[in-house]
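K.L.:
Last residue of the sequence shown: 173 (my numbering), numbering continuous.
Beta carbons: idealized from backbone N, C-alpha and C, even for Gly.
Below is the structure I would like to discuss, written out as structure tokens.
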Amino acid sequence: MPQLVDPNFCRTVVLLCKHTEEGAFGLIVNRPLLTSGRVVVNLEPPVATERELQVWIGGPVEPHRSWMLVNGDPDADAAAGMRITDGLYLSTAPDLLRRLLEPDPPPLTRLIVGYASWGPGQLEAELQESAWLLSDVDSALVFGTPPERMWEASIRRLGADPATLQGSRGVH
């Protein structure tokens, strides 16, 4: 919601990957890491590459941990991961990371560092407070919309105008 001012989540689009009675796990999908330096990837055996790798910030929890979000049918690398929905998978497979560093990487795959998490009942409470809007997963939105436009586009696809949204308990 526009009123969410926490800097970790202000104007974010979060892909909710897992939600159980023990809590919830998600990845912010509209925050590319903006850096002027190089990202170092440690693999065994090491990989020498000149390829620039775009990294996305998935959330404030464990920023040293990485995930790969894969759109499309899983191959052997992605299949080792977690299915989010039809055609969308989350992987931590080193072989897939190695392939991302090759000159011709798998299309529609993102390297994401960190994640978002909620303890038992926390996300439910935030939903009751109308802190979040819910929508079906749309991989075309995630992979086909520029990150700076994704938040507004995700609200507009619900039929709402972000400028007119106001929080009110129990409406989401």
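Tell me which same chain residues have a C-beta within less than 7 Å of the C-beta of glutamate 23, skipping the five on either side of it?
P.N.:
Pro121
K.L.:
Pick out whichever of Gly73, Leu34 and Leu17 has its Cα sitting closest to the Cα of isoleucine 113.
P.N.:
Leu34
K.L.:
Would you identify the three-state DSSP class for glycine 24, choosing helix, strand or coil?
P.N.:
strand
K.L.:
Closest to glutamine 123 by C-alpha separation, out of Val138, Tyr116 and Ala132, would be which residue?
P.N.:
Ala132
K.L.:
Measuring CA to CA, which of Glu153, Val14 and Val30 is closest to leucine 109?
P.N.:
Of all alpha-carbon atoms in Glu153, Val14 and Val30, the one lying nearest the alpha-carbon of leucine 109 is that of Val30.
K.L.:
Please list the terminal residues of the continuous beta strand (DSSP E) segment that includes threonine 69.
P.N.:
According to the sequence as given, residue 69 is methionine; it is not threonine. First-last of the beta strand (DSSP E) with methionine 69: 62 to 72.
K.L.:
Would you kindly work out how many angstroms separate the C-alpha atoms of alanine 79 and proline 64, rounded to a whole number?
P.N.:
Confidence at alanine 79 is low in this model, with a pLDDT of 48, below 50, so its placement is unreliable and the value that follows should be read with caution. Cα-Cα distance, rounded: 21 Å.
K.L.:
Name the two residues that bound the continuous alpha helix (DSSP H) containing serine 140.
P.N.:
Looking at the DSSP string, the run of the alpha helix (DSSP H) that includes serine 140 is 140 to 145.
K.L.:
From threonine 165 to leucine 159, what does the alpha carbon distance come to, in whole angstroms?
P.N.:
13 Å
K.L.:
Using the rule of at least 16 other Cβ atoms within 10 Å of the residue's Cβ for burial, across every protein chain shown, is glycine 60 buried or exposed?
P.N.:
buried
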